[in-house]
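To start, the structure under review is shown below, and the notes come after it.
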Amino acid sequence: MKKILLSFLFLSSLLFATVQDEEASQALIDSKIPIIDIRTPAEWKESGLLQGSIPIMLFDEKGKYDLNDFLQKLNSAVDTKKPFAIICRTGSRTKILASFLSQKMNYDVVNIKSGILYAKHLKLPILPYQPK
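Written out as structure tokens, the structure reads:
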């Protein structure tokens, strides 16, 4: 009985985690939802950061990643019990990451599906990357 109850609780918790696909917009920026930019420092330097976003690299320049390091930095930067958004260059990396974070970590994630390139096209506020 205990196993059945635990299984039910686990499965029902999965129902509450969501991925919401949205385009970059001024309304999203104005909502003050935390936005995590998962691109590389070279990409941040090249095209800047969406106003208010937090740079936390997932994949390095060689396509390798340290998921534990990323999750540790993510958990330090945002309250993962609340929705947050993720952005990359075009939306392909964030689509994969958003699905993982929702399904495996039970996070409510907004995937900015067209990435920073579309945000620049819309002339949204992009700030230069300032390394710390």
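This note's numbering numbers the first residue of the sequence shown as 4 and each following residue consecutively. C-beta atoms are modelled at their ideal positions from N, C-alpha and C, and glycine is treated no differently.
- Straight through space, the alpha carbons of Thr-21 and Tyr-110 are spaced by roughly 7 Å.
- The beta strand (DSSP E) runs lying completely inside the segment 48-92 and spanning 3 residues or more are 56-58, 87-90, given in chain order.
- Contact annotation: Tyr-121 and Ala-30 have beta-carbon atoms that are not nearer than 7 Å.
- In this structure, the beta-carbon distance from Gln-23 to Pro-128 does not fall below 7 Å.
- DSSP places Asp-40 in the uninterrupted beta strand (DSSP E) bounded by 38-40.
- Counting other Cβ atoms within 10 Å of its Cβ, Leu-52 reaches 16 or more and is therefore classed as buried.
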